[in-house]
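Adding 56 to a residue's 1-based position in the sequence shown gives its number in my numbering.
Positions of the beta carbon are idealized from the N, C-alpha and C atoms, including for glycine.
Here the structure is a predicted model, which is why all the values come from computation and not from measurement.
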Amino acid sequence: MARRPAAPAAHGEEFSFVSPLVKYLLFFFNMLFWVISMVMVAVGVYARLMKHAEAALAYLAVDPAIVLIVVGVLMFLLTFCGCIGSLRENICLLQTFSLCLTIVFLLQLAAGILGFIFSDKARGKVSEIISNAIVHYRDDLDLQNLIDFGQKKFSCCGGISYKDWSLNMYFNCSEDNPSRERCSVPYSCCLPTPNQAVINTMCGQGMQALEYLEASKVIYTNGCIDKLVNWIHSNLFLVGGVALGLAIPQLVGILLSQILVNQIRDQIKLQLYNQQHQADPWY
57 MARRPAAPAA
67 HGEEFSFVSP
77 LVKYLLFFFN
87 MLFWVISMVM
97 VAVGVYARLM
107 KHAEAALAYL
117 AVDPAIVLIV
127 VGVLMFLLTF
137 CGCIGSLREN
147 ICLLQTFSLC
157 LTIVFLLQLA
167 AGILGFIFSD
177 KARGKVSEII
187 SNAIVHYRDD
197 LDLQNLIDFG
207 QKKFSCCGGI
217 SYKDWSLNMY
227 FNCSEDNPSR
237 ERCSVPYSCC
247 LPTPNQAVIN
257 TMCGQGMQAL
267 EYLEASKVIY
277 TNGCIDKLVN
287 WIHSNLFLVG
297 GVALGLAIPQ
307 LVGILLSQIL
317 VNQIRDQIKL
327 QLYNQQHQAD
337 PWY
């Protein structure tokens, strides 16, 4: 009787389809983002606790601290699945990690495509957000610093023009407004003064009452929406690089998790094959 050829799983106890390189690379990849997520949550919680309750509740919808906490918690749960799934070779956790990462990637891709196709509606939404931010400028210190930074960075003032600051109750230009800042704009709208040792925070006093040409000698009169759109058009490579930088880690995570899942399945098949042929005298 001819001897049966040696089974490929004859040394199944020593051989493993699961590559330690793929396994631990995926583990440390997730561990890195797991730590980042914990830092994000910690910073978000600290920022929320440091805020005054009234100011925090006044503009909860776009509170940067809330955004940090939500994104951090979601990233923490997602990378937890990746870490434990790769370390324990758990197909269920790895599939959950891969599926969630794929959904996040597709949502980002869809948002980018829809934003490009419906650019007018996207512009209108941005205008609405900026207008709402102007209304709550004095209610939230983080929001105030963010707006001041944006106006200085893009050399702009308001959403469409400097007169948008009338939306704010403190800067409103109506005659019955008792505020000392009536008809004014924030100091971040002011043109920079060379060799200025002390910042003049009152430089925007009464600027809304002036006509465009007269006001343009002291402050930026163009709105931030047009400036932002022009900046994006002028820096498409930078924007594309940032988008690619966000996409590459996601694609790497999806690829590594799927490779590891396939390797684990092959290993399970090998173990089942060994168990089925242990009683075989030719094994």
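Counting along the chain, the unbroken alpha helix (DSSP H) around residue 104 starts and ends at 76-106. Residue range 120-144 is occupied by the alpha helix (DSSP H) that includes residue 142. The secondary-structure analysis by DSSP pairs residue 246 across a beta bridge with 275.
With fewer than 16 other CB atoms across the displayed protein chains lying within 10 angstroms of its CB, residue 294 is exposed. Counting other Cβ atoms within 10 Å of its Cβ, residue 317 reaches 16 or more and is therefore classed as buried.
Rounded to whole angstroms, the gap between the alpha carbons of residue 291 and residue 279 is 19 Å. Bridge pairing for residue 217: 278 [DSSP]. Rounded to the nearest angstrom, the gap between the Cα atoms of residue 185 and residue 178 is 11 Å. Residue burial is scored here from C-beta neighbours: residue 242 has at least 16 other C-beta atoms within 10 angstroms and is therefore classed as buried.
Residue 334 and residue 72 have their C-alpha atoms roughly 18 Å apart. In the three-state scheme derived from DSSP, where H, G and I count as helix and E and B as strand, residue 253 is classed as coil. The C-beta distance from residue 319 to residue 78 rounds to 7 Å, short enough to meet the 8 Å contact threshold. For residue 234, the secondary structure class from DSSP, reduced to helix, strand or coil, is coil. Rounded to whole angstroms, the separation of the alpha carbons of residue 151 and residue 315 is 11 Å. Distance between residue 254 and residue 233, taken at the CA atoms: about 29 Å.
Distances from the CA of residue 84 to each of 324, 330, 313 were compared; the closest alpha carbon is that of 313. The continuous alpha helix (DSSP H) containing residue 184 extends over residues 175-191. In this structure, DSSP gives residue 260 a state outside helix and strand, which the three-state scheme calls coil. Spatial neighbours of residue 222 in its own chain (CB-CB distance under 7 Å, excluding positions within 5 residues in sequence) are listed in chain order as 228, 229, 264.
Only exposed fits residue 201, as fewer than 16 other CB atoms lie within 10 angstroms of its CB. In the pairwise beta carbon analysis, the segment 268-288 is classified as touching the segment 201-210: at least three pairs are separated by under 8 Å.
If you draw a 10 Å sphere on the C-beta of residue 128, you find 16 or more other C-beta atoms in it, and that means buried. Secondary structure at residue 212: coil, using DSSP grouped into helix, strand and coil.
For residue 321, the enclosing alpha helix (DSSP H) starts and ends at 292-332.
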